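Novice:
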Amino acid sequence: MAYRRRILDEALDKLFPHLAAIAIEGAKGVGKTATARQRAATVLNLVDPNQRRMAADNYNLAVQLPPPVLIDEWQLEPSVWDRVRQAADEDATGGRFLLTGSAGVAPGVRIHSGAGRIVSFRLRPLSLFERQVAQPTVSLKALLAGEQATIEGATDVALPQYVDEILRSGFPGVRDLPDEARSIQLDSYLTRIVEHELPENDAIVRRPDELRSWLAAYAAATGTDATYSAILDAATPGESAKPARQTVAAYREHLIRLFVLDPVPAWIPTFAPLARLTKTPTHHLVDPALAARLVNVRRDALLRGDGARVTARPDTNTWLGALFESLAVQSVRVYAEAAGATVGHLRTQNTAHEIDIIVETGDRSVVAIEVKLAGSASDHDVRHLNWLRDQLGDRVVDRVCLTAGPYAYRRRDGVAVVPLALLGP
Numbered sequence: 121m122a123y124r125r126r127i128l129d130e131a132l133d134k135l136f137p138h139l140a141a142i143a144i145e146g147a148k149g150v151g152k153t154a155t156a157r158q159r160a161a162t163v164l165n166l167v168d169p170n171q172r173r174m175a176a177d178n179y180n181l182a183v184q185l186p187p188p189v190l191i192d193e194w195q196l197e198p199s200v201w202d203r204v205r206q207a208a209d210e211d212a213t214g215g216r217f218l219l220t221g222s223a224g225v226a227p228g229v230r231i232h233s234g235a236g237r238i239v240s241f242r243l244r245p246l247s248l249f250e251r252q253v254a255q256p257t258v259s260l261k262a263l264l265a266g267e268q269a270t271i272e273g274a275t276d277v278a279l280p281q282y283v284d285e286i287l288r289s290g291f292p293g294v295r296d297l298p299d300e301a302r303s304i305q306l307d308s309y310l311t312r313i314v315e316h317e318l319p320e321n322d323a324i325v326r327r328p329d330e331l332r333s334w335l336a337a338y339a340a341a342t343g344t345d346a347t348y349s350a351i352l353d354a355a356t357p358g359e360s361a362k363p364a365r366q367t368v369a370a371y372r373e374h375l376i377r378l379f380v381l382d383p384v385p386a387w388i389p390t391f392a393p394l395a396r397l398t399k400t401p402t403h404h405l406v407d408p409a410l411a412a413r414l415v416n417v418r419r420d421a422l423l424r425g426d427g428a429r430v431t432a433r434p435d436t437n438t439w440l441g442a443l444f445e446s447l448a449v450q451s452v453r454v455y456a457e458a459a460g461a462t463v464g465h466l467r468t469q470n471t472a473h474e475i476d477i478i479v480e481t482g483d484r485s486v487v488a489i490e491v492k493l494a495g496s497a498s499d500h501d502v503r504h505l506n507w508l509r510d511q512l513g514d515r516v517v518d519r520v521c522l523t524a525g526p527y528a529y530r531r532r533d534g535v536a537v538v539p540l541a542l543l544g545p
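Position one of the sequence shown corresponds to residue 121 (my numbering), numbered consecutively onward.
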């Protein structure tokens with residue numbers, strides 16, 4: 121399969137010649153190894169027991185191989201990280217080491233942080249731009265810089281195509297499979313996480329079916345800030361003997377460490393007059409295709425609006441709306457990271473105001489984004505965006521409503537209405 125160039129490639133092209141070591145992190149299947157291989161002369165694959173044993177027996181192996189050296193799944197032999205950090209400290213010559221990992225270091229394993237020596241990047245599943253669904257006409261980077269006054273463009277990508285993109289997944293090796301094969305692959309991915317990846321990363325899974333039920337309930341809470349108690353109750357309806365909360369918390373911690381859960385943190389602005397904001401993240405899996413498989417609602421049912429949700433409060437949004445929001449979050453995160461910005465969400469404690477995505481730059485400029493499964497944006501849809509502009513003034517450099525409609529334009533109040541397919545980096 122031909123390599124599909126990623127947005128991260130631009131940063132790697134620019135920085136790797138000047139940095140001794142770069143770590144590319146992310147869930148299994150997002151394409152870390154393929155991206156790193158584009159720049160490697162030697163590959164040390166620690167999934168291979170023989171190569172892992174050699175790395176464990178020879179502390180200097182990584183620095184003895186012809187550079188650039190790719191060390192794949194480095195966390196399986198954490199001493200390699202320390203040796204690369206040490207080598208980068210001794211010789212800062214650029215373009216020497218690439219490390220890929222699909223899990224953080226297991227609890228109790230101590231390594232040096234690598235700060236200042238090993239630069240880390242996150243690779244997520246393919247964004248819509250990387251999938252080449254449409255040619256974007258609106259740039260998130262330009263919006264963050266306040267440089268895109270004109271909003272225009274048209275796309276023929278409509279709701280059925282967005283559903284297809286949700287179900288096809290952003291995993292490069294999965295999305296182009298036939299429907300039945302792709303479903304089996306996604307189910308196998310989830311099974312492997314529960315039955316192999318978690319145990320191999322020191323998580324004790326005594327009842328895999330119990331964990332699978334909890335994952336399905338978490339998926340049904342996509343796009344919400346439902347409490348973990350509500351998710352647990354949804355996973356064990358009518359059962360008095362529920363798993364201990366400490367057990368579920370441990371599962372959650374390990375799944376985040378494996379990059380399978382990818383919650384959006386609450387945004388708490390600094391030096392701003394906003395009070396009584398919640399600190400609870402909104403729930404997302406690394407890819408909405410996994411959420412769709414866990415809840416097991418098929419294409420036609422999604423288009424009909426089927427699918428139960430786990431919410432902390434009454435909510436009229438459909439399950440498809442939640443998955444569409446998750447698809448938008450996935451893409452926006454990729455674009456934001458390329459622009460050096462962070463992503464959060466906003467919700468007041470009384471739920472009077474909530475905004476799906478807040479993108480913030482290092483100088484605290486903000487682009488506020490709402491996601492609506494509609495063809496256009498009404499006054500009601502953008503009321504929270506305008507409220508935030510009134511609160512923070514010029515700090516909000518743009519307001520955006522992402523839709524499933526055909527046209528990009530600016531409303532009279534200045535809000536940019538942008539079809540999701542037309543938003544790019």
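Beta carbons are placed, not taken as given, at the ideal position from N, Cα and C, and that holds for glycine. Note that the structure is a prediction, hence the values are computed from the model and not measured.
Relative to the C-alpha of N321, which candidate in A370, R203, S496 has its C-alpha closest?
Specialist: A370
Novice: Assuming the contact rule is C-beta atoms closer than 8 Å, V535 and L505 should be a hit. Round their C-beta distance to whole Å, please.
Specialist: 6 Å
Novice: Just the C-alpha distance for E130 and N437, rounded to the nearest angstrom, thanks.
Specialist: 37 Å
Novice: Do R531 and A497 count as a contact pair if the criterion is CB distance below 9 Å?
Specialist: Contact flag set, yes.
Novice: On the CB-based measure, 16 or more other CB atoms within 10 Å of its CB, does L423 come out buried or exposed?
Specialist: Counting of Cβ neighbours within 10 angstroms places L423 among the exposed residues, the total staying below 16.
Novice: Got a sec, what are the start and stop residues for the alpha helix (DSSP H) S240 sits in?
Specialist: Premise fails: S240 lies in the beta strand (DSSP E), 238 to 242, not in any alpha helix (DSSP H).
Novice: Once DSSP output is grouped into helix, strand and coil, what is the label at D518?
Specialist: strand
Novice: Using a 10 Å radius around the Cβ and a threshold of 16 neighbouring Cβ atoms, would you call K134 buried or exposed?
Specialist: exposed
Novice: Please determine, among A223, D501, F249, F217, the residue with the shortest C-alpha to C-alpha distance to R237.
Specialist: F217
Novice: Once the 5 residues before and after L279 are set aside, which same chain residues still bring their CB inside 6 Å of it?
Specialist: A524
Novice: Spatial neighbours of G460 within its chain, please: C-beta separation below 8 Å, excluding the five flanking residues on both sides.
Specialist: T481, G482
Novice: Put A502 into one of helix, strand or coil per three-state DSSP.
Specialist: According to the sequence as given, residue 502 is Val; it is not Ala. V502 falls in the coil class under three-state DSSP.
Novice: Shortest alpha-carbon distance to R340 belongs to which of V314, I191, A428, L139?
Specialist: Looking at the sequence provided, one finds Ala at residue 340 rather than Arg. Out of V314, I191, A428, L139, A428 has the C-alpha closest to the C-alpha of A340.
Novice: In angstroms, rounded to a whole number, what distance separates the CA positions of N165 and R124?
Specialist: For the pair N165 and R124, the Cα-to-Cα distance works out to about 21 Å.
Novice: Report the three-state DSSP secondary structure of E145 (helix, strand or coil).
Specialist: strand
Novice: Using the DSSP secondary-structure output, state which residues sit across from Y527 in a beta bridge.
Specialist: A274
Novice: Per the DSSP calculation, F217 is bridged to which residue(s)?
Specialist: A141, V189
Novice: Thinking C-alpha only, which one of T155, S446, Q305 is nearest V555?
Specialist: The structure shown has nothing for residue 555, since the chain only spans 121 to 545.
Novice: Roughly how many angstroms lie between the CA atoms of A262 and R419, to the nearest whole one?
Specialist: 35 Å
Novice: Measuring only the C-alpha atoms, how far is I304 from T275?
Specialist: 32 Å
Novice: For the candidate residues A541, W507, R377, Y282, whose alpha-carbon lies nearest to that of I475?
Specialist: Cα-wise, what sits closest to I475 is W507.
Novice: Less than 7 Å between C-beta atoms, sequence neighbours within five positions excluded: which residues of the same chain meet that for V380?
Specialist: A147, I313, L405, V406
Novice: To the nearest angstrom, report how far apart R413 and D209 are at their CA atoms.
Specialist: 45 Å
Novice: Could you tell me the distance, in whole angstroms, from the CA atom of D435 to the CA atom of H500?
Specialist: Interpretation of D435 is limited by its pLDDT of 47, a score under 50 that renders its predicted location unreliable; no figure is taken from the coordinates.
Novice: Runs of 4 residues minimum, wholly inside the stretch 408 to 441: which ones carry the alpha helix (DSSP H) assignment?
Specialist: Fully enclosed alpha helix (DSSP H) runs of 4 or longer: 408 to 415, 419 to 424.
Novice: Going by DSSP in three states, G544 sits in which element: helix, strand or coil?
Specialist: G544: strand per DSSP, three-state reduction.
Novice: Where does the unbroken beta strand (DSSP E) through R467 begin, and where does it stop?
Specialist: 462 to 467
Novice: Which stretch, first to last residue, makes up the alpha helix (DSSP H) that contains L263?
Specialist: Here the alpha helix (DSSP H) through L263 covers 260 to 264.
Novice: Should T342 be labelled buried (16 or more other beta-carbon atoms within 10 Å of its own) or exposed?
Specialist: buried
Novice: Helix, strand or coil: which one does DSSP assign to H374?
Specialist: helix
Novice: Find the nearest neighbour of F555 within the set D514, L543, R159, judged by alpha-carbon distance.
Specialist: Absent from the model: residue 555. The displayed extent of the chain is 121 to 545, so no value can be given.
Novice: Look at V78 and P245 and say whether their C-beta atoms are less than 9 Å apart.
Specialist: A query on residue 78 cannot be resolved here, the shown segment of the chain reaching from 121 to 545 and no further.
Novice: Where does D307 fall in DSSP's three states?
Specialist: helix
Novice: Give the C-beta separation of E285 and V253 to the nearest angstrom, bearing in mind that I take them to be a contact with Cβ-Cβ under 8 Å.
Specialist: 6 Å
Novice: Does the beta-carbon of T153 have 16 or more other beta-carbons within 10 angstroms, so that it is buried, or is it exposed?
Specialist: buried
Novice: Identify, in the order they occur along the chain, each residue of the same chain with its Cβ nearer than 7 Å to the Cβ of L594, setting aside the five sequence neighbours on each side.
Specialist: Because the chain is modelled from 121 through 545, residue 594 falls outside the range shown and cannot be assessed.
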